[in-house]
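Asks: Handing you a structure now.
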Amino acid sequence: MIKAKLLKDAEERIKDLNKLQKEGLICLDGQFFPSVHYPPINMYPPIDEKTLFKGYANPSGNLFDIYVHIPFCMKYCVFCHYPVKIGAPDEEKDHYLNMLEKEMDIYMNRLGLKTIKPRSILIGGGTPTYLIPARLEKFLRSFSSRVDLNSCTQFSYDVDPLTLLGKEGGERLKILKSFGVDRLTIGIQSLDDEILKKMNRPHTVKEAIEAIDITKKMGFKVNIEFIYGYPGQTIEAWIETVEKAVSLGADEIQLYRLKIIPYGDHMGSILKKSVKERKEYFGLKRAIMMKEIAILLLSQNGYNENLRRVFSKTQDDFSHYANNQCCNLFDEIGFGLTAFSSLRDRFGLNTQYFDKYYYLINQGKLPVDRGLVRNRDAQLRWALILPLKNREVNKKYYQRITGVSLDTIFRKKIEKLKEFNLLYENDKMLGLTPLGILFADEICHQFHHPDYMPFARTAYAQGKLNPYDDFQP
Ligand SMILES: C[S@@+](CC[C@H](N)C(=O)[O-])C[C@H]1O[C@@H](n2cnc3c(N)ncnc32)[C@H](O)[C@@H]1O
Ligand code: SF4
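For the sequence shown, my numbering assigns the number 513 to the last residue and increments by one with no breaks.
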């Protein structure tokens, strides 16, 4: 597409931005807080294991999605808000992996299971491939002995490009393949070496492209991740990045808007930097413009947003783990530091502190320290917010999960959002319009209880869409 036309089309599509901000949909200073869980992950009170599991029954067929967190990395990226250890000695990695095994055993015991039957698996981090090949193999052997892969539709691994290169990289990829890993998410972040340097990423653009080529050749499904809205990244450079990303032939392209405010409870250096170097951090309009430009360019090249933020050419290429948890609302278990479990009407969050993680496991306890058994109000919101953000809400399914018809609740909110062309609704579905997709997170905040709102009431204009108004279901 000719650049001038692309920019004109994108401008036209985002022209309601100011109006929506004046109506209170978007925070006045343009800050952004992604809607990932409900309640948000940093708002859970302390909980003990007994309270968390009281009255919980395993899902039918004992099927769960599984997440495993491995919190080690080579370098600390400037934008990262995850508690990870950099340059941990081998003994510490071994110790962590031993504790992870123990945690799995304690969990299985609690659920009365001899093995876990995953619907899907995601191993993330940190950089879960930042282990020497022998240690990676040892971990996968121990993990695999505890899971029965017969019902597993996807085994996905988050990787850093550098860990896939050279002799060791080749060995790692062979090991992953031999244990049934079939999808890799590669953190590329940018296709501009200057920006990668600013981010303190350990790899170059050339290395990232090499990693994509190798993984494609080995037959993995490949998802490549990028951040937009990074300081120094111009709209022109972003257009080039998206065009280049398309040419790399990945199955999925995943785009994250830069999170400056930490989503969890660990704060990366980006927040401090954004205060110090205010001018470099551009605002809301450019970020939304970048998202719209990406949507237009990707759709022209056959990539559609099949799961929020994830663009793929076919409907089947996306994270099954995310889809099962966020669209189907299936039960999911997380192992490892900061991992969470989402179990029907409850949510448990593992500690973010290594010492506490080790201590609790050594006591024979699960390392969970925060969480909630959702009450009716929270359950009604959760079952709406997650599918709305990630795809659309199926009304029949909503009623099955909550026992309540969506035609009878949140009506004032839904009608207002429809009036502003942010939601569509028919007999079967409720979903985001093309305009709504640009503000998916803010629209989800509309359905939060005031106790769980990401920003104070005064952070929004007092217009028709101030999220604090009409909050009752
Ligand atoms: C769970 S993170 C970790 C992935 C992996 N460690 C890596 O960096 O390649 C998954 C993705 O979230 C995105 N991400 C992490 N921090 C972010 C931030 N502050 N703002 C926007 N996206 C972020 C990055 O694209 C990253 O690849
Ligand atoms: S962004 Fe990824 S690679 Fe970078 S420090 Fe965080 S977890 Fe590690």
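Backbone N, C-alpha and C define an ideal beta-carbon position, used for all residues, glycine too.
Any contact of the region 320–334 with the region 458–465, i.e. 3+ C-beta pairs under 8 Å?
Replies: The region 320–334, when compared against the region 458–465, does not touch it at the 8 Å Cβ threshold.
Asks: Where Ala480 and Ala174 are concerned, what is the direct C-alpha to C-alpha distance, given to the nearest angstrom?
Replies: Rounded to whole angstroms, Ala480 to Ala174 spans 43 Å at the Cα level.
Asks: Taking C-alpha atoms, which residue in Tyr438, Asn506, Pro79, Tyr116 lies nearest to His243?
Replies: Selected option, being the one with the closest Cα: Tyr116.
Asks: Whether or not the region 54–63 and the region 490–499 are in contact is what I'm after, with contact meaning three or more pairs of Cβ atoms, one per stretch, closer than 8 Å; do they touch?
Replies: These segments do not touch.
Asks: Closest to Thr442 by CA distance: which of Val76, Gln486, Asn415, Asn466 is it?
Replies: Ranking Val76, Gln486, Asn415, Asn466 by Cα distance to Thr442 puts Asn415 first.
Asks: Are at least three pairs of beta-carbons, each pair with one atom in the region 255–263 and one in the region 229–247, less than 8 Å apart?
Replies: No: the two stretches stay apart, fewer than three of their Cβ pairs being nearer than 8 Å.
Asks: For Arg212, which of helix, strand or coil comes out of DSSP?
Replies: Arg212 falls in the helix class under three-state DSSP.
Asks: Roughly how far, in whole angstroms, is the beta-carbon of Asp105 from the beta-carbon of Ser160, given that I think they are within contact range, below 8 Å?
Replies: About 5 Å separates the two Cβ atoms, so the contact holds.
Asks: Is it the case that the CB of Ile267 approaches a heavy atom of ligand 1 more closely than 7 Å?
Replies: At least one heavy atom of ligand 1 is nearer than 7 Å to the Cβ of Ile267, so yes.
Asks: In chain order, what residues of the same chain lie with their CB nearer than 7 Å to the CB of Thr155, ignoring the 5 residues before and after it?
Replies: Result list for Thr155: Arg186, Val187, Asp188, in chain order.
Asks: Of the residues Leu428, Met469, Glu455, Asn466, which one's Cα is nearest the Cα of Glu482?
Replies: The shortest C-alpha separation from Glu482 is found at Leu428.
Asks: Assuming Ser382 and Asp371 are in contact, meaning their beta carbons sit under 8 Å apart, how far apart are those beta carbons, in whole angstroms?
Replies: Ser382 to Asp371, Cβ: 7 Å. Contact.
Asks: Whose C-alpha, out of Gly70, Cys120, Pro111, Gly101, is nearest the C-alpha of Met514?
Replies: Residue coverage of the chain in this structure runs from 41 to 513, which leaves residue 514 outside it and unanswerable.
Asks: Leu337 and Leu46 - do their beta-carbons sit closer together than 8 Å?
Replies: For Leu46 and Leu337, yes; Cβs fall inside 8 Å.
Asks: Could you check whether the region 60–75 touches the region 498–506, counting it as contact only if at least three pairs of C-beta atoms, one from each stretch, sit closer than 8 Å?
Replies: Output reads yes: the region 498–506 touches the region 60–75.
Asks: When every heavy atom of ligand 1 is checked, does at least one fall within less than 7 Å of the C-beta of Phe460?
Replies: No, the Cβ of Phe460 stays beyond 7 Å of every heavy atom of ligand 1.
Asks: Give a single yes or no on whether Thr167 has its beta carbon closer than 7 Å to a heavy atom of ligand 1.
Replies: Yes - ligand 1 has a heavy atom lying nearer than 7 Å to the Cβ of Thr167.
Asks: Would DSSP call Asn240 helix, strand or coil?
Replies: It is coil, neither helix nor strand.
Asks: Smallest Cα separation from Val118: which of Lys313, Gly166, Ala44?
Replies: Ranking the options by Cα distance to Val118, first place goes to Lys313.
Asks: Cα-Cα, which of Gln512, Leu205, Phe195, Gly227 is closest to Asp120?
Replies: Per the sequence presented here, residue 120 reads as Cys, with Asp not at that position. Residue Gly227 is the option with its Cα nearest to Cys120.
Asks: Flag Asp200 as yes when its Cβ comes closer than 7 Å to any non-hydrogen atom of ligand 2, and as no otherwise.
Replies: True, at least one ligand heavy atom lies under 7 Å from that Cβ.
Asks: Go ahead and label Glu52 buried or exposed: buried means 16 or more other beta carbons lie within 10 angstroms of its beta carbon, across all protein chains shown.
Replies: Exposed.
Asks: So Leu92 and Val408 are in contact, right, with Cβ under 8 Å, and what is the actual spacing, rounded?
Replies: That belief holds up - the Cβ atoms of Leu92 and Val408 are roughly 6 Å apart, short of 8 Å.
Asks: Looking only at C-alpha atoms, which of Cys192, Ile254, Lys316 sits nearest to Ala290?
Replies: Measuring from the Cα of Ala290, the nearest candidate turns out to be Ile254.
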